[in-house]
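Notes for the one structure printed next.
Chains as they are written, first to last, in my numbering: chain A, 1 to 123; chain B, 1 to 123.
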């Protein structure tokens with residue numbers, strides 16, 4: 001078999017520069033591990049069938065909900081359950097986030113629109 | 001609904017001191033996020049149905065396989081596919097690891113034995 005290999009997060013984040021476009025950097029149990037860079041504000045959306053984990057590795061993310069908000073800094077994560085509307089906002093010029101979510105997850109959820117990424121790049 | 005809350009990894013790791021005893025710190029899509037502290041060498045084992053992700057947040061982990069090994073340092077992860085025998089070894093006095101794996105995962109896999117943790121603590 002192929003020996004499992006260590007993945008260095010910094011290498012993966014160094015390999016792309018676009019924002020709000022998650023890259024698949026790992027796959028297990030039908031779930032994806034993704035690296036994404038946030039800048040500014042994304043869009044309000046929710047996912048019908050997927051819970052989403054956001055683990056911040058650079059900068060601070062503000063996760064807005066319809067009835068509150070949470071700051072997520074380096075070394076912190078937040079889990080957004082399916083069905084919960086959320087709006088990720090980068091509080092720094094660039095915020096780096098590791099996502100852990102089902103392989104079926106679309107970045108804009110049920111909101112759709114021009115910021116939807118359909119062809120996920122693998123790094 | 002209850003507002004999702006930010007989880008600080010450091011707080012979770014500060015909340016326990018035993019080794020090789022994973023604590024559940026998050027749950028999503030039938031998967032667990034666990035915090036575990038490794039010291040010394042664990043045991044050879046594999047999981048029949050579960051792939052496992054190890055993300056290191058302190059120290060360096062050596063993941064031994066029957067036909068090779070990989071070092072995993074801070075900010076790095078490795079995914080061990082189901083069925084692959086592995087032996088985690090802490091290369092520092094204490095190594096802190098975040099695990100992503102199905103909620104069904106038992107720490108010793110099919111090997112069993114005295115180091116099996118059956119009652120997972122939630123932090």
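We put the CB at the ideal spot given by N, CA and C, even for glycine.
Note that the structure is predicted; figures quoted are calculated from it, not measured.
query                                                                                                          : result
Chain B contact for residue 9 (chain A) (CB, 8 Å cutoff)                                                       : yes
Of the listed residues A:103, A:45, A:62, A:12, nearest to residue 109 (chain A) (C-alpha basis)               : A:45
Contacting positions in the stretch 57-76 of chain B - beta carbon closer than 9 Å to chain A                  : 57, 63, 65, 67, 68, 69, 70, 71, 72, 73, 75, 76
Three-state secondary structure (DSSP) of residue 13 (chain A)                                                 : helix
Residue 67 (chain B) to residue 54 (chain B) span [Cα, whole Å]                                                : 19 Å
Own chain residues within Cβ distance below 7 Å of residue 111 (chain B), not counting five before or after    : 43, 44, 45
Per-residue burial, residue 90 (chain A) [other beta carbons within 10 Å of its own, 16 or more giving buried] : buried
Pair within 8 Å by beta-carbon distance, residue 13 (chain B) and residue 88 (chain B)                         : no
Span separating the alpha-carbon of residue 41 (chain A) from that of residue 113 (chain B)                    : 50 Å
Residue 15 (chain B) versus residue 75 (chain A) - alpha carbon distance                                       : 16 Å
Backbone CA spacing between residue 56 (chain B) and residue 33 (chain A) [nearest angstrom]                   : 15 Å
Minimum Cβ-Cβ distance from residue 26 (chain B) to chain A less than 8 Å                                      : yes
Start and end residues, beta strand (DSSP E) containing residue 68 (chain A)                                   : 68-72
Contacting positions in the stretch 43-57 of chain B - beta carbon closer than 7 Å to chain A                  : 50, 51, 53
Where residue 3 (chain B) meets chain A, residues with beta-carbon distance less than 8 Å                      : 65, 67, 68, 70
Closer than 8 Å to chain B by CB, residue 81 (chain A)                                                         : yes
Continuous beta strand (DSSP E) stretch holding residue 54 (chain B): start and end                            : 52-58
Same chain, Cβ closer than 7 Å to residue 11 (chain A), neighbours up to 5 away in sequence not counted        : none
Cutoff 8 Å: residue 100 (chain B) Cβ touching any chain A Cβ                                                   : yes
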